[in-house]
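*Asks:* The structure's right below; bear with me while I get my questions together.
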Amino acid sequence: MAPRYALGAAINAGLRAAMARDEKVVVMGEDIATLGGVFRVTDGLAAEFGTERVVDTPLAESGIVGTAIGLALRGYRPVCEIQFDGFVYPAFDQIVSQLAKMRARSQGRLSLPVVIRIPVGGGIGAVEHHSESNEAYFAHTAGLRVVSCSNPDDAFHMIQQAIASDDPVIFYEPKRRYWDKGEVSDEPTRSLHEAAVLREGTDCTLVAHGPTVATALAAAAAATEDGFSVGVVDLRTISPLDLPTLRKVAAESHRVVVVHEASTFLGIGSEIAAAITEDCFYELEAPVLRVGAYNLPYPPAHMEDRFLPDVDRILEAVDASLSF
Amino acid sequence: MAPRYALGAAINAGLRAAMARDEKVVVMGEDIATLGGVFRVTDGLAAEFGTERVVDTPLAESGIVGTAIGLALRGYRPVCEIQFDGFVYPAFDQIVSQLAKMRARSQGRLSLPVVIRIPVGGGIGAVEHHSESNEAYFAHTAGLRVVSCSNPDDAFHMIQQAIASDDPVIFYEPKRRYWDKGEVSDEPTRSLHEAAVLREGTDCTLVAHGPTVATALAAAAAATEDGFSVGVVDLRTISPLDLPTLRKVAAESHRVVVVHEASTFLGIGSEIAAAITEDCFYELEAPVLRVGAYNLPYPPAHMEDRFLPDVDRILEAVDASLSF
Amino acid sequence: MSAHPLTLAADPTVSTADLGSLLAARQDDPASTAPFQLVDENGDLTAAGQDLGVDLELAQVLHTDMVLARRLDHEALALQRQGELHLWIMAWGQEAAQVGSIRALRGDDHVFPSYREHAVLLCRGISPADLLRQWRGATHSGWDPAESHVHINSLVLGTQTLHATGYAAGVRLDRSDEVVMTYFGDGAASQGDVNEALNWAAAGTLPVVFFCQNNQWAISTPTATQMRTPLHVRAAGFGLAGYHVDGNDALAVHAVTQHATARVRAGEGPALIEAQTYRLAGHSSSDDPKRYRTDDELAGWQAKDPITRLERLLRNAGVSERHFSDLEARADTFAVEVREQAKAIHGEDLAVVFEHTYAEPHPVMQSELAQHLARRDGAVA
Amino acid sequence: MSAHPLTLAADPTVSTADLGSLLAARQDDPASTAPFQLVDENGDLTAAGQDLGVDLELAQVLHTDMVLARRLDHEALALQRQGELHLWIMAWGQEAAQVGSIRALRGDDHVFPSYREHAVLLCRGISPADLLRQWRGATHSGWDPAESHVHINSLVLGTQTLHATGYAAGVRLDRSDEVVMTYFGDGAASQGDVNEALNWAAAGTLPVVFFCQNNQWAISTPTATQMRTPLHVRAAGFGLAGYHVDGNDALAVHAVTQHATARVRAGEGPALIEAQTYRLAGHSSSDDPKRYRTDDELAGWQAKDPITRLERLLRNAGVSERHFSDLEARADTFAVEVREQAKAIHGEDLAVVFEHTYAEPHPVMQSELAQHLARRDGAVA
Ligand SMILES: Cc1ncc(C[n+]2csc(CCOP(=O)(O)OP(=O)(O)O)c2C)c(N)n1
Ligand SMILES: Cc1ncc(C[n+]2csc(CCOP(=O)(O)OP(=O)(O)O)c2C)c(N)n1
Ligand SMILES: [Mg+2]
Ligand SMILES: [Mg+2]
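Protein chains in written order, with the numbering used here: chain G, 63 to 386; chain U, 63 to 386; chain W, 196 to 576; chain S, 196 to 576.
Right under this line is the structure:
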């Protein structure tokens, strides 16, 4: 039987495998060496690979990404940790103006194989800035790849695929699923930029990524009890989107509901809705609906349950979709 | 007859009026006082209002926005200039984590009436970072308002309305239209967050903002020659969107094409497409189509004509829409 | 500063002028890299303390502040362990740096804190309820800055230093003689924003005091990883007046802050104070400091506890046992208040966030608020 | 450095050790805030120049470099005026700072420039075509960093200083003795990134030389608006070795850079060099400097022109008229090359950007490329 890992531990194992395979892989960030990261995702790496390759940096996110770019130019493959989603913005300029654009700027001469790991999303009762979902900013930025894992098996393989990519990758880790356990296979079943159809459905398909995949699966199960056939797609890749898979489920189930934790206004759901509608206009029997957080700053923990999409809100959208 | 101004001069006049009206208005940025800004939009303001209210700052965008927040907390109404679109990212953290969220964070106690002026877009043969369209990042950020002017009259009134707003406003100025002249009326005809139907159409409606409004008007005129009735909406407001107006034109013309200079992937066109489709599913005879830049980093000037949406690409989309 | 019963004849001989000449003398002295002290670890006056004399009345105020602040800290951590708070950020060990500095300001001097300045907040009259609201997960901030002249905190490290700098620009535009104070940590000092703020304030000769509590750690990262030279040296690099003080010596912190503030208020430009102190507990209630620091290091700093030190000074100066037992009783009463106020904090409905995000009507807000209310009230199936 | 014909018996007496003791002596001297000079404005040796001696062979190399760089500048501006370039960024006045520093490096020392370092690029063998490509609007960068060991420039000010710092971390991981050089301006020094880089490099004892050309202006903003103290003072604040040099004295810049580089190469940590110079032309071909600075100021700096100064030194040392006329002829030939190469730059089709944005296949790229090709080739009605 394949071994079982918690999602966080699976990323740890993936990092370990990547570091063992390629000595150019270096891991860097705030509190990642001695402490092993605030979520312990890098636990034990410093002991195994030394503090030259597992580096506690000064407390400066622009510095983390900016120096990672320099390391990549020198031939290294840096994997940066941003401690929490809400702390990536000081590095925004280095990410969108430098990391994303340098290959094109150099006419393809320079590769920046940098991975930026971001624990993402809410639902853990955290204080401000520790629960944000900011994938849309990076997905709108040409030159980056953006992926999001939802389970230990994907986490283990996707982190290694991201590190192996010669393009910069924003790697989202669903922090409230870090402790969820699952089997981890020896070999990846998909490439990094393929979505996974977790469940087929003929009445409607839910499209989710990262932390909301489990919510979508629960909603699909509930809908089945009510007699509907509801499918679930785990996006896995946010940029580029796996449009062939999305088109296929749209054509088969005629109704699509996108679920994510980010606010709906210009969230990735809007791109999926626009793209699928363009490609499958005659197949759709309802507009693609979006279930996301409200368009508010992430609220205090006390209110987050009402803020985040949950099974009820997904079912409400499925009902709305079916009533078209 | 109403006086004629170039768009840049109209903003200058609007700033002047706002500063004369309210002594709490201060204007700040790089090279804006002595030089009057690289586009001369703040020309003469320092001479008229003094260098205490028209401030040449150190060269630091995070500092510009961060100190503007402090000034606002002290009761001022700062208007910041970001010299070019591509230089706003160092201020991203101060904008999305501080400026956008502080009112909600303070439970409504603190107002941040800060305006961030950004000359935006391409088409001027500029070097890298001087031609970007980044409105989607800010439109996806709750707590901000995002507007975009396309003509001198709007420019004159909208800058004053933005300054009068107690909410932070990202104010886009279409840099390749700075020298376009037009009449400027005494009183605004619309509130800040209303779109303008510039031309009615029964076959299709083009939705544009800022620099692409003129392009859309030209395309609509060309389509008319071909016998089609094509309308044009100038969005003016990107966040919030004026959905009632968009719904109305969608219901009337049954076909909508959104035009903007930003890349289409997660550009504001995707939100408009998703929202209109949701609200007007049965009225639409074609998917909402999007005409934007390709999903690339902004290319060298030599190639920008092929990169930016132009009349031909708009007409191509209108054709595609009509062929559904 | 609130009135405090005199229990001793105080002889407040530390004048700003005296301290000024002393600090000036130290600048010529290479040994001046040692932090300025008035009271040593045993509660005895240092040479400087003897030279300048200390204000025993002030010492009692500061000691009382610290005892109450520490009690808040203990209660709040206990509340967190009981599930009554989501998170707690412990300040213990850092009380002297906080009370010594805030008590040197005028009540109308605006303060931009980081997240660990509970002792500062208490000195400014902020109630335990207002202070704990945020850590109970009920709100993102607790108090009204217009009343306390303390801005709400930002958890994005260093950002507040630019807000303080801009606020100071406004103070100057207003021709006011207020001073603006901002607190930040040794870790935050590595952020671009903090350095932009230091430079901006210096270039503009703005009335800001930058106060760094160097508590030796940024979560698990020691100060040596953040910087090569002590932070107070950076002041001169940007053209600020730099001060280095023993942050566990409340009287020294007060004297140095008073000196810095006077200069800043006089229009001589900003100052940077580095206070050497130590976070005796974990980074927060989620942190296990044993993973990254030794028991020996901790013991060394426990011996420098700021409260013990001032208690010894006061006892040596003849303050009665009665005073200390009264204070203990007061702290017990305060602890009860803290617990009661904490438990009485009730979160509000998400509807308030819809109301508070924008000042002016916003259609997306309005339609989503309607959805939320319908869902909340069960109007949706 | 390419071989250069000897026309004089050189007596290169400036050793690193000599200069080191001189610079060390200056640090105790309050007057050391004056920039280090070897050759004064009249081309005469200063006291330090006399003490240490200067290398006349080197002086000729640097003089030649500067003459050619200035010619490039004149030609490029003329080309811009003729519509052959979209934009030109003038370096004139700053040649000494650039050639003096780059010639002090080893060829394998990697350089992270800003956008004004044309003289640096020429010294590294980058052709006019590669150098001008970007300003003709054909590309966003011109040369291959793997060949020249010069990174392509970034127009987002200050960002390159962090790249240099990270690259230096890689150099250290590789156990190499390369040094990394990064150039930036007085305006860029206000950016958070530059200060993060200074601090990061110092904290990590990384082999980076930060070279600031303080040309007194950031577009229309004078250095006084950017900072309160001279930049070289900031070095000590972060724990870097700080140097202050007359940036119009190519030999002094070379000597100081050599000294700094030797220290850095030896593993003693990063250095910051502030070179006082002046941008004699506008900020760029779009700028009108008369709007913000006086003719007097300009005249004052014209008198300190770095090329005239070295020419005088060489003439005084007996370099023949022939040498100068040969150089003039060489510059004329070079000017022709510049014009020819500039006009021969042809932009490519947008298709190349599709190819260069990602290393690996990307479906959005692929489908949009197909659209683009169809449109370009008229396949769409
Ligand atoms: C911009 C940013 N990055 C990362 C964090 C996560 N974080 C919270 S506290 C902390 C350490 C702060 O250390 P220091 O500034 O010394 O303050 P202290 O906690 O010691 O009071 C870190 C890394 C943050 N809050 N903000
Ligand atoms: C982050 C950023 N902000 C603004 C600009 C616009 N800009 C280009 S050059 C310049 C002045 C730069 O001055 P300095 O650093 O002194 O370099 P110099 O031009 O004098 O060589 C400005 C403001 C920019 N390129 N990058
Ligand atoms: Mg600390
Ligand atoms: Mg300059």
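The beta-carbon is built from N, C-alpha and C at its ideal position, and this holds for glycine as well.
As the structure is a prediction and not an experimental result, all values here were calculated from the model.
State yes or no: is the C-beta of F290 of chain G nearer than 7 Å to some heavy atom of ligand 1?
*Replies:* F290 of chain G Cβ: outside cutoff for every heavy atom of ligand 1.
*Asks:* Below 8 Å on the Cβ atoms is my contact criterion, and I expect G263 of chain G with G293 of chain G to pass it. Report the Cβ-Cβ distance as a whole number of Å.
*Replies:* About 3 Å; that satisfies the 8 Å criterion.
*Asks:* Any C-beta of chain G within less than 8 Å: which residues of the segment 295-319 of chain U qualify?
*Replies:* S301
*Asks:* Determine which residues of the segment 545-563 of chain S have a Cβ less than 8 Å from any Cβ of chain U, and write them out in chain order.
*Replies:* L545, V548, F549, T552, V559, M560, E563
*Asks:* Check the Cβ-Cβ distances between A431 of chain S and every residue of chain W, and say whether any is below 8 Å.
*Replies:* Judged by the 8 Å Cβ criterion, A431 of chain S is in contact with chain W.
*Asks:* In chain order, what residues of the same chain have a beta carbon less than 7 Å from the beta carbon of R458 of chain S, not counting five sequence neighbours either side?
*Replies:* A436, A466
*Asks:* Is L350 of chain S near ligand 2, with its Cβ less than 7 Å from a heavy atom?
*Replies:* yes
*Asks:* Could you pull the start and end residues of the beta strand (DSSP E) that E91 of chain U belongs to?
*Replies:* Looking at the sequence itself, residue 91 of chain U is Gly, so the reference to Glu does not match. Looking at the DSSP string, the run of the beta strand (DSSP E) that includes G91 of chain U is 87-91.
*Asks:* I'd like the list of long-range same chain contacts for A530 of chain W, defined as Cβ closer than 7 Å, with 5 residues on each side in sequence excluded.
*Replies:* If we look at A530 of chain W and ignore the five residues flanking it on each side, its Cβ neighbours are R266, E270.
*Asks:* When DSSP labels each residue in this structure, what does L218 of chain S get in the three-state scheme?
*Replies:* helix
*Asks:* Where are the alpha helix (DSSP H) runs, 4 residues long or more, that stay fully inside the segment 437-484 of chain S, in chain order?
*Replies:* 445-460
*Asks:* Near A166 of chain U, which residues of its chain fall below 7 Å by C-beta distance, leaving aside the five closest residues on each side in sequence?
*Replies:* Residues G205 of the same chain have their beta carbon placed closer than 7 Å to that of A166 of chain U, with the five preceding and five following residues left out of the count.
*Asks:* Within the 8 Å Cβ cut-off, does I232 of chain G reach chain S?
*Replies:* no
*Asks:* Straight-line CA distance for Y151 of chain G to G361 of chain S?
*Replies:* Taking the straight line from one Cα to the other gives about 20 Å.
*Asks:* Would you call the segment 296-305 of chain U and the segment 189-207 of chain U touching, i.e. three or more CB-CB distances under 8 Å?
*Replies:* yes
*Asks:* Just to confirm, are S415 of chain W and D93 of chain G a CB contact at a threshold of 8 Å?
*Replies:* yes
*Asks:* Name the chain W residues that come within less than 7 Å of A95 of chain U, Cβ to Cβ?
*Replies:* Near A95 of chain U there are no residues of chain W at all, since even the closest Cβ is about 14 Å away, more than 7 Å.
*Asks:* Within 10 angstroms of the Cβ of G462 of chain S, are there 16 or more other Cβ atoms? Answer buried if so, exposed if not.
*Replies:* exposed
*Asks:* Between the C-alpha atoms of S210 of chain U and A337 of chain G, what's the straight-line distance to the nearest angstrom?
*Replies:* 25 Å
*Asks:* Got a sec: which bits of the segment 327-355 of chain U sit with their beta carbon under 9 Å from any beta carbon on chain W, in order along the chain?
*Replies:* none
*Asks:* Say the cut is 7 Å; is the CB of A383 of chain W nearer than that to a heavy atom of ligand 1?
*Replies:* yes
*Asks:* Would E256 of chain G and D296 of chain G qualify as a contact pair, given that the criterion is a beta-carbon distance under 8 Å?
*Replies:* no
*Asks:* So, is G477 of chain W buried or exposed, given that buried needs 16 or more other C-beta atoms within 10 angstroms?
*Replies:* Under a 10 Å Cβ-count criterion, G477 of chain W is classified as buried, with 16 or more other Cβ atoms of the shown protein chains found around its own Cβ.
*Asks:* Taking C-beta pairs closer than 8 Å, name the residues in chain W that P250 of chain U reaches, listed in chain order.
*Replies:* Simply none; closest approach about 16 Å.
*Asks:* Hey, out of G:I376, G:V116, G:A71, whose CA is closest to L368 of chain S's CA?
*Replies:* Closest option to L368 of chain S, judged by alpha-carbon separation, among G:I376, G:V116, G:A71: G:V116.
*Asks:* Along the chain, which unbroken stretches of the beta strand (DSSP E) at least 3 residues long are found entirely within the segment 323-410 of chain S?
*Replies:* 375-380, 403-409
*Asks:* Can the beta-carbon of H449 of chain S be found less than 8 Å from the beta-carbon of Y438 of chain S?
*Replies:* In this structure, Y438 of chain S does not lie closer than 8 Å to H449 of chain S by Cβ.
*Asks:* Within a Cβ cutoff of 7 Å, which residues of the same chain sit near F405 of chain G, ignoring the five residues on either side of it in sequence?
*Replies:* What the structure shows of chain G is the stretch from 63 to 386, and residue 405 of chain G is not part of that stretch, so it cannot be assessed.
*Asks:* What residue range is occupied by the uninterrupted alpha helix (DSSP H) comprising Y199 of chain U?
*Replies:* 197-201
*Asks:* So which residues of chain G does A162 of chain U contact, with C-beta pairs closer than 8 Å?
*Replies:* P359
*Asks:* Cβ of I284 of chain W within 8 Å of Cβ of S479 of chain W?
*Replies:* yes
*Asks:* Please confirm whether R78 of chain U and E110 of chain U have their CB atoms less than 8 Å apart.
*Replies:* yes
*Asks:* Tell me whether N196 of chain G counts as near ligand 3, meaning its Cβ is closer than 7 Å to at least one heavy atom of that ligand.
*Replies:* no
*Asks:* Looking at I334 of chain U and L308 of chain U, is the spacing between their C-beta atoms short of 8 Å?
*Replies:* yes
*Asks:* Measuring straight from C-alpha to C-alpha, what distance separates A565 of chain S and Y360 of chain U?
*Replies:* 18 Å
*Asks:* Is the separation between the beta-carbon of A470 of chain S and that of A292 of chain S shorter than 8 Å?
*Replies:* yes
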